[in-house]
Every structure is written in C-alpha cells, then in structure tokens.
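First the structure, in the form of structure tokens, and then the observations on it.
There are 2 protein chains.
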Amino acid sequence: MAYRYSPAIEKLVQALAKLPGIGRKTAQRLAFFILDHRDVGMTLSDAIREACDSVHLCSSCCNLTEEDPCYICRSSARDTTKICVVENPSDIAAMERIHDYNGLYHVLHGVISPMHDIGPENIKLRELLQRLQAHSEVEEIILATNPTVEGEATALYIARLLKPSGIRTTRIAHGIPMGASLEYADEVTLARAFENRREL
Amino acid sequence: MAYRYSPAIEKLVQALAKLPGIGRKTAQRLAFFILDHRDVGMTLSDAIREACDSVHLCSSCCNLTEEDPCYICRSSARDTTKICVVENPSDIAAMERIHDYNGLYHVLHGVISPMHDIGPENIKLRELLQRLQAHSEVEEIILATNPTVEGEATALYIARLLKPSGIRTTRIAHGIPMGASLEYADEVTLARAFENRREL
C-alpha cells in the first residue's frame, strides 16, 4: 500500500499543485509549510477568498479592481484622450512602472488566436469600441499587445477596425532592448530594429 | 506615484509571497492566475482552511493527522516493536516509499540546534520517552534524522539518552548513493562509506 497523507493534507497538496509552475513536490513542501505556519495559511486563505469575492472588472477599462470605475479611470489627473490597449491586467503594472504614460488603459484579457479558438468576440474588444463611441474625446489608441504572432495580429486587427473612425492608432516600438548587444539579438528583433530605423 | 494593485489583489500578492520559494514576481503571477481561475482559488482557500482547522499531531507519534491516533499508529498490520525517529512529517512519506519498513514512527518536529536556540526540550523528545515508558514492547529505535551536523548530533543525543533503557538503538547507514559514481561523491560521504565498510 502506498503511503497516503491524511485526506485534508492530500486535498491541500492537490489544490496547491493546480497553481501554475507548482508541481507535486513543491505543493507538498508548501502544504507542510502552511501546516507549520498556520497564521500564514489562514491569512492566505482569507486573502484568496476576499480577492475572489471582491475583485471584478472595471466597467470602463476591464482592469481588475474592487471599485468601479478603477482608480486609473476615476483619476482626474489622467489624460483621457489616450488609451493604451494591453493584453492582461498585469501589463498595466509594467506600463505604469515607466512613469511616463499618463493616459488610460484598456485590457483585452487575451489576444485573437485561431489556434486556440479565440476570436475577436472572445476578448474585450466590443467593450473598447463601445467605450470609443461613448467618449468622443479619445484621440489616440496605443496598441501595446505583446510582440508575439498573436499579439501582432491582434494589434493589426484592431488598427484596421479603428481605421474608419479616424482615431490615431499607434503601436509601441520593437527593436533592440536597451543595454543589449547586437551580437546576441535574435534575427527577427534585429530585422525589425533595422526596418524601423529613424533619422537622427 | 507608483502603480498599486487594488487593495484585495495587493493583499493576495503579499500573502502568496510569504510562502517559501515564492518571490514577489511569482506571487503576482499566481494572484492573477487565481483571479482568472476562481474555482481553483476557492478550492485552495477551502483546502487551506480545512487543513489548518482539522490537521493536528497524532498523540502517539506526533505525525500530522486528522484522526487520533494516526492511521499508521492505528494499523494492526504494523510491527509495534520498532520505532523509526524522523525529523519531519514529510520524512515519513519518503520512508514509506521504500515499502520495506513496517514499524511505527516518531516525528521530532525539528532537531537540536544550539545555533538556532533549539534544545532537546523544543522537539518532541519528551513524547518519545513517555511513549517508550508506556509501551514496553518496543525493541528497536531507528534514528533516521538527516545526515546534517544537527541531525547527527540529535541522533547521538537520543542514543545516549536511551542507553540506560537497554533498547537497541540504530542509525540508518550513510554512504555512496546507489547509482552514483565515486568520482563525484563529496569527501565526507566517501570517508563515511569507507569507515562503515562491511565484510562480503
């Protein structure tokens, strides 16, 4: 007979192993840690419950938030003529770290991917269009989807969709990362950097 | 102003980052995964709560269990004349995987470590002695603490403590792991393997 943990421990190990990047061994280690530090465990249990209960999508930008609209959409200090379109809520944190962009966001919650059966209707694209109709002050849409095949295709799709509206649509630049050396850059990045060269 | 997640997300990220081996970045990734897969999150929250509420120490062997005594102490198929002493509950799973040992266990929940201010009174040693007094059928104590300085010292300490009782006290063997090559074995392991050589 194989050794089995008691049912509650086994259930905890299996629940932890469902998290991304956490295998059975790590899940076991985390489970025993939680049973050794029950205050940490209970705080985590409550935090998960609270987040799952109270966090929902901002009705304006589809970012994750507890208040509606979210604090960026609500802020009077933001430039409401610009909307930066990103794939995921976590991308907003990355954009905000540059402390340079002061416009609004729109979170697609995914990208168009026929391979995974994700069409334009499965991402928050309708919400973006409705938002543009309701807020005529928007002058620029910055497409900041990731430079993957799907991210590029989604950016192109949105750009074409917005063409008739006359709103300026831009794409964030791709090229050699700062501090990197040409020698180690991949061909696609290098080609893109060359193609998008500009006058100095 | 630095970007801040909404309070409930921030609380979830901080609670996840308290787990061992999980840094801020991983905690963020896990938090967004949980908010994307709320069923997984709620199952985990409930599993943590249930485990923290229902799992306690077996009154006999100090293993983690929901029922008392635990299922190994309760089993009529186990050899009650042998007790294998281990550091942590997770060590029992490792021992049980060899399918060879059929005795009982005792979990110390730590090792003696003056460096960390852990003395004999801080581990489940009193419980072991009380158990030996109550169960006179015990004939062998197998010390299976880890081969670290603290583990070795703890094993020696227990062996000396049990000497007057006349109970046979053994230590698991240390040497070259099966399948490993001598070339890559560390000196201490090699010296131990040499010292503990036996007739064939």
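Those sequence lines, one after another, are chains A and B.
FYI, in this note's numbering the residues of the first sequence are 1 to 200.
FYI, in this note's numbering the residues of the second sequence are 201 to 400.
A virtual CB, placed ideally from N, CA and C, is assigned to each residue, including glycine.
The structure presented is a predicted model; accordingly, all values stated were derived computationally and were not measured.
Assignment of beta strand (DSSP E) within the region 310-352 of chain B, counting only whole runs of 3 or more residues, yields 340-343 in chain order. Within the region 242-317 of chain B, the alpha helix (DSSP H) runs of at least 4 residues that lie entirely inside it are, in chain order, 271-274 and 289-296. The region 153-162 of chain A makes no contact with the region 95-107 of chain A; the number of CB pairs closer than 8 Å stays below 3. Chain B has a Cβ within less than 8 Å of the Cβ of A/Thr65. Secondary structure of B/Arg360 (DSSP, three-state): helix. Interface annotation, A/Cys52: in contact with chain B, CB-CB separation under 8 Å. A/Leu190 and A/His174 have their C-alpha atoms roughly 9 Å apart.
Burial of A/Gln28 is indicated by the presence of at least 16 other C-beta atoms within 10 angstroms of its C-beta. Contact between the region 26-45 of chain A and the region 243-251 of chain B is present: three or more C-beta pairs spanning the two stretches fall below 8 Å. B/Arg229: member of the alpha helix (DSSP H) spanning Arg224 to Asp236, first to last residue. The Cβ atoms of B/Glu339 and B/Thr281 sit closer than 8 Å to each other.
Residue state for A/Arg192 is assigned as helix, using DSSP reduced to three classes. Taking A/Val55 as the centre and dropping the five residues before and after it, the same chain places the C-beta of Leu64, Thr65 and Glu66 closer than 8 Å to its C-beta, in chain order. Between B/Leu308 and B/Leu325, the CB-CB gap stays under 8 Å. Across the set A/Ala153, A/Arg192, A/Ser136 and A/Ser76, the C-alpha of A/Ala153 shows the shortest separation from the C-alpha of A/Met115. Look at the region 350-362 of chain B: it has no residue with a C-beta under 9 Å from a C-beta of chain A. Nearest Cα to B/Ile234 within the set A/Ala17, A/Ile34, A/Ile123 and A/Leu35: A/Ala17. Residue-level contact check: B/Thr243 touches chain A, since one or more beta carbons of chain A fall below 8 Å from its beta carbon.
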